[in-house]
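Quick note: to get the numbering used here, add 11 to the position in the sequence shown (first position is 1). Yeah, the Cβ is synthetic: ideal placement off N, Cα and C, and Gly gets one too. Here is the structure we will look at.
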Amino acid sequence: MALLSRKASLWGAFLVFWLLAPTIHAEYCSQPGAGEVVSSKRVIDGDTLDLADGRRVRLIGINAPEMGRDGQPSEPYAQAARRELLRLVSGSQLRMIIGAQPQDRYGRTLGHLFDARGANIEARLLMRGLGFTIGLPPNTGLLECHLQYEQHARQRGLGVWQYSPVRRAAQVGPGFQLVRGRIERVSRSREHVWLDMDGPLTLRLPRDMVGVDQLLRATGRELEVRGWVVDRGRARQGQKRYMLPQAEARLMFLQ
């Protein structure tokens, strides 16, 4: 693996290349400020809950497995993630730090939760393998710490890592995906750099990002990427059907 940057800020928080370290240096990620005292009313799933004051909170930094809806079964460990979040937020004083982007497009509050000891709730879930680390700008303050806790679970095969959730690029589909594949072609447009994978997936990255020159020489490299894949419909000639937008991409070179 090659580490192209150690700090998300150097990439404008759009793209993070990381060397996942086995050592956890902070105890459940340090609380960045006093925050506000809140209490939980109802847990929706492994990354969403309702507060007693009526706000619905989407936890920053974690994407938990999806609960089943409309007759569809829940994803593996979705129920376990919900139960664990319920345990962590019940009967305990909580503090919330609202993100630099305070709401998502659904009107949910975006926040980090901490228990009475100052331990980060998202980190505790990630350490047990009950979700995947995500880092959507500008809410990336705890990203590096969260990655360390995810790596702890991944190395031990806990939760979602018991069986590898990573798909090959040829098997990609819409929705949140962890994908492994080889870069077939790198191209540029006026605003973006495009990485075409060895499957129906292309990655769209900002052309003015720091380190883009290294990406232009990445043809043939194997990498792992995660994020929400968009189905663009029937592929046009020379165009990949699926796209992972830049603000949701997280890449790790494997060779």
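- Taking 9 Å as the cut-off, the Cβ atoms of phenylalanine 187 and glycine 122 do not count as close.
- In the same chain as glycine 118, and ignoring 5 residues on each side of it, the C-beta atoms closer than 8 Å to its own belong to Arg67, in chain order.
- Counting along the chain, methionine 78 sits inside no beta strand (DSSP E), nor does DSSP assign it H or E at all.
- Annotation: the continuous alpha helix (DSSP H) that includes leucine 96 extends over 89-100.
- When the alpha-carbon of valine 190 is set against those of Pro149, Pro148, Cys156 and Leu234, the nearest one is in Leu234.
- With respect to the 9 Å criterion, arginine 53 and glutamate 95 are not classified as neighbours on the basis of their beta carbons.
- If you ignore the 5 residues before and after glycine 244, its C-beta comes within less than 8 Å of the C-beta of Arg252, all in its own chain and listed in chain order.
- Per DSSP, reduced to three states, the secondary structure at alanine 111 is strand.
- In the same chain as leucine 124, and ignoring 5 residues on each side of it, the C-beta atoms closer than 6 Å to its own belong to Leu105, Met107 and Ile132, in chain order.
- Residues of the same chain with a CB within less than 8 Å of the CB of asparagine 150, apart from the 5 flanking positions on each side, are Ile71, Gly72, Gly110, Ala111, Gln112 and Leu121 in chain order.
- DSSP places glutamine 162 inside the alpha helix (DSSP H), whose first and last residues are 154-167.
- Following the DSSP letters along the chain, one finds valine 68 inside the beta strand (DSSP E) bounded by residues 67-70.
- Here the C-alpha atom of valine 197 lies approximately 6 Å from the C-alpha atom of tryptophan 205.
- For threonine 120, the pairing in a beta bridge is given by DSSP as Val68 and Gln114.
- Three or more Cβ pairs drawn from the stretch 45-62 and the stretch 71-89 lie within less than 8 Å of each other, which places the two stretches in contact.
- In this structure, proline 217 sits away from glutamine 159, with a CB-CB distance that is not shorter than 9 Å.
- By alpha-carbon distance to cysteine 156, the top candidate from Arg135, Trp172 and Gly46 is Arg135.
- For a cut-off of 8 Å, the C-beta gap from methionine 208 to alanine 180 is around 4 Å, short enough to register as a contact.
- Counting along the chain, glutamine 225 sits inside no beta strand (DSSP E); it lies in the alpha helix (DSSP H) bounded by residues 223-226.
- Contact between tyrosine 39 and glycine 170 does not hold, since the beta-carbon distance rounds to 17 Å and is not under 8 Å.
- In the DSSP assignment, isoleucine 132 falls within the alpha helix (DSSP H) that extends over 132-138.
- Per the coordinates, the alpha-carbon of proline 176 lies some 35 Å from the alpha-carbon of glycine 65.
- Residue Asp126 holds the alpha-carbon nearest to the alpha-carbon of serine 41 among Arg80, Gln114, Ala91 and Asp126.
- A distance below 6 Å between beta-carbons, with the five flanking residues on each side excluded, links leucine 255 to the following residues of its chain, in chain order: Leu214, Gly238 and Val240.
- Residue Arg193 holds the alpha-carbon nearest to the alpha-carbon of arginine 178 among Arg193, Gly168, Gln166 and Arg167.
- Under a 10 Å Cβ-count criterion, valine 236 is classified as buried, with 16 or more other Cβ atoms of the shown protein chains found around its own Cβ.
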